[in-house]
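Asker: Sharing a structure here in structure tokens format.
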Amino acid sequence: MVCLMSRMLLLFTLFLALTNLGCTRGKSTEASSNSVAQQQNSETSPTPQARRYAEPTGPAMHVNADRAMQYTKEIVAIGPRWDGSKGQQKVGAYLHGKLKSEQVEEDTFVADTPAGKIPMRNIIAKFPGTKDGIIVLGSHIDTNYPLRNTSFVGANDGACTTALLLAIADELRGKKLEGYSVWLAFLDGEEAIQEWSETDSLYGSRHLAAKWQQDGTILKIKGFLLADMIGDADLDILREQNSTQWLDDLVFEAARRLGYQSYFFAETSAIEDDHLPFARLGAPVADLIDYTYGYNNVYHHTTEDTIDKLSTKSLKISGDVILETIRLLDANADTLSASAKANRK
Ligand code: ZN
């Protein structure tokens, strides 16, 4: 994924505006438009705490974070998983093995990339609910392609969120979901093959979004929650500006209810990630991403992205907030999306 704008620490807005601490791998820095967007956000919406939400029904759900860490280790142990590698095939087989009792679909395709044609596959596991509508949880499963000749294993960038989705599958398995269906989307080809651009990135999510537009699934999506790089032991999930505001607010409400709000939204930034193709087709999306992985994001896309930089506690926070957001969506998605639409008119 790519960070578009310079990070803005809310408490140090002025300082950062002057020094322009851009993302290490950012495409551009637009500090002024960032602060304008922040201003608009604060003017047009109440603070998340001030908004009243309908109470979720049904029991709270919790992720088994020890197991999420164990899955992370197993995925990392596969080795590099860049598209076209043996590791990519192995992680696919690994996921199928873990999701044996689920309804699983594959979305296979051949991507046209700067390195030629590469076969890719998204894997989707479906947990049916009683309400008409779908909540999608996404993570990319590939590792960085340009680093394929290094020991890069993407512990945080790819492995831990794939593992987190598997741990969430464990929690959902065998339960009668009283709310919307929950689909887990394991997305291939997130990383650029050569250099990040519209056409060289997000291969899997672009393909799946187009497919879901064609078969009408996109209209049924009540919320798309993308998890990326949120196993970082020093967890600070940013408020991502390409995300849908009401859904971000709902994520914050979930975090607040669990006492985890200090790990969320101290920073604001726009990121290009797997949520974009779905957002462009009108689905409500939230990219849950921590883009300060090591001081000034130094571990990101380096061989330093290893398991020792992660923590079970961060996986617990990320997983539980996602599960609580599902319950809040079940109770609030229709009202919130309707009022967001009405506000636009
Ligand atoms: Zn990456």
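Numbered by our numbering, the letters in the sequence shown go through residues 82 to 426 in order.
No residue lacks a Cβ here, since even glycine has one placed at the ideal position from N, Cα and C.
Check the DSSP bridge columns for Q184 and list the partner residues they point to.
Answerer: Answer is K207.
Asker: Using a Cβ-Cβ cutoff of less than 7 Å, which residues in the same chain neighbour A314 once the five nearest sequence positions on both sides are dropped?
Answerer: So the list reads K390, L391, S392, S395, once near-sequence residues are dropped.
Asker: Taking the runs of the beta strand (DSSP E) that are 3 residues or longer, which of them lie wholly in the stretch 219-277?
Answerer: As far as the stretch 219-277 is concerned, its whole beta strand (DSSP E) runs of at least 3 residues are 258-268.
Asker: Under the three-state reduction of DSSP, which class applies to I311: helix, strand or coil?
Answerer: Reduced to three states, the DSSP call for I311 is coil.
Asker: Could you pull out every unbroken alpha helix (DSSP H) segment of at least 4 residues lying fully inside the stretch 329-399, listed in chain order?
Answerer: You should have 357-361.
Asker: Pick from L316, G340, F346: whose alpha carbon is nearest that of D330?
Answerer: Residue F346 is the option with its Cα nearest to D330.
Asker: State the DSSP-derived secondary structure class of K212, mapped to helix, strand or coil.
Answerer: Looking at K212 - three-state DSSP - the assignment turns out to be strand.
Asker: State the Cα-Cα distance for the pair K301 and K167, rounded to the nearest angstrom.
Answerer: Rounded to the nearest angstrom, the two C-alpha atoms are 35 Å apart.
Asker: Within the chosen definition, does the stretch 317-337 reach the stretch 354-370 through at least 3 CB pairs nearer than 8 Å?
Answerer: Short answer: they touch.
Asker: Nearer than 7 Å: is that true of the beta carbon of D315 relative to any heavy atom of ligand 1?
Answerer: D315 Cβ: outside cutoff for every heavy atom of ligand 1.
Asker: Helix, strand or coil: which one does DSSP assign to L417?
Answerer: Three-state result, L417: helix.
Asker: Between the stretch 156-171 and the stretch 251-259, do at least 3 Cβ pairs fall closer than 8 Å?
Answerer: At 8 Å Cβ cutoff, the stretches do not touch.
Asker: Give the DSSP-derived three-state secondary structure of A141 in the structure shown.
Answerer: Of the three classes helix, strand and coil, the one that applies to A141 here is coil, per DSSP.
Asker: By the 10 Å Cβ neighbour count, where 16 or more other Cβ atoms means buried, how is Y284 classified, buried or exposed?
Answerer: The residue is buried, with at least 16 neighbouring Cβ atoms inside 10 Å.
Asker: Below 7 Å, is the gap between the Cβ of D428 and the nearest heavy atom of ligand 1?
Answerer: The requested residue 428 is not part of the displayed model; the chain covers only 82 to 426.
Asker: Would you give the residue range spanned by the alpha helix (DSSP H) that R287 belongs to?
Answerer: Taken as a continuous stretch (DSSP letters only), the alpha helix (DSSP H) holding R287 covers 284-295.
Asker: Once the 5 residues before and after V191 are set aside, which same chain residues still bring their CB inside 6 Å of it?
Answerer: K198, P200, listed in sequence order.
Asker: Quick one: Cα of D363 to Cα of L246, how far?
Answerer: According to the sequence displayed, residue 363 carries Gly and not Asp. Taking the straight line joining both Cα atoms gives about 24 Å.
Asker: Can you tell me which of the three DSSP states R148 falls into?
Answerer: The answer is helix: DSSP assigns R148 an H, G or I state.
Asker: From the DSSP output, in three-state form, read off K426 for me.
Answerer: Looking at K426 - three-state DSSP - the assignment turns out to be coil, as it is neither helix nor strand.
Asker: Given a cut-off of 8 Å, decide if Y175 and I156 are closer than it, judged by their beta-carbon atoms.
Answerer: In this structure, Y175 lies closer than 8 Å to I156 by Cβ.
Asker: Check each candidate in S220, T231, Y226 and name the one with the smallest Cα separation from C241.
Answerer: Measuring from the Cα of C241, the nearest candidate turns out to be S220.
Asker: Under a Cβ-count criterion, where at least 16 other Cβ atoms within 10 Å of its own Cβ denotes burial, should N237 be classed as buried or exposed?
Answerer: So N237 counts as buried.
Asker: For the beta strand (DSSP E) that contains L445, what are its first and last residues?
Answerer: Since the displayed the chain opens at 82 and closes at 426, residue 445 lies outside it and no answer follows.
Asker: For V332, which residues in the same chain have their Cβ closer than 6 Å to its Cβ, ignoring the five residues on either side in sequence?
Answerer: Contacts found: A367, T406.
Asker: Could you check the C-alpha separation between D281 and P195 for me, to the nearest Å?
Answerer: Their backbone Cα atoms lie some 7 Å apart in a straight line.
Asker: Taking all protein chains shown into account, decide if N230 is buried (16 or more other Cβ within 10 angstroms of its Cβ) or exposed.
Answerer: Exposed is the call here.
Asker: Return helix, strand or coil for R408, following the three-state DSSP convention.
Answerer: Three-state result, R408: helix.
Asker: In terms of residues, what are the limits of the beta strand (DSSP E) holding R133?
Answerer: Run containing R133: none; DSSP gives neither H nor E here.
Asker: Report the CB separation of D354 from L307 in whole angstroms; it is logged as a contact under 8 Å.
Answerer: So it is a contact: roughly 6 Å between Cβ atoms.
Asker: So, are the CB atoms of E252 and M142 less than 8 Å apart?
Answerer: Going by C-beta atoms, E252 is nearer than 8 Å to M142.
Asker: Starting from L300, trace the beta strand (DSSP E) both ways and give me its first and last residue.
Answerer: From DSSP, L300 is part of no beta strand (DSSP E); its letter is neither H nor E.
Asker: Given the structure, does N225 come close to ligand 1, in the sense that its CB is under 7 Å from one of the ligand's heavy atoms?
Answerer: Yes; taking the cut-off as 7 Å, the Cβ of N225 has a heavy atom of ligand 1 nearer than that.
Asker: Name the DSSP bridge partner or partners of R202?
Answerer: Partner(s): T189.
Asker: If we count the other Cβ atoms within 10 Å of its Cβ and call it buried at 16 or more, is V144 buried or exposed?
Answerer: Burial call: buried.
Asker: Out of curiosity, what's the CA-to-CA distance linking F267 and T243?
Answerer: Between F267 and T243, the C-alpha separation is close to 7 Å.
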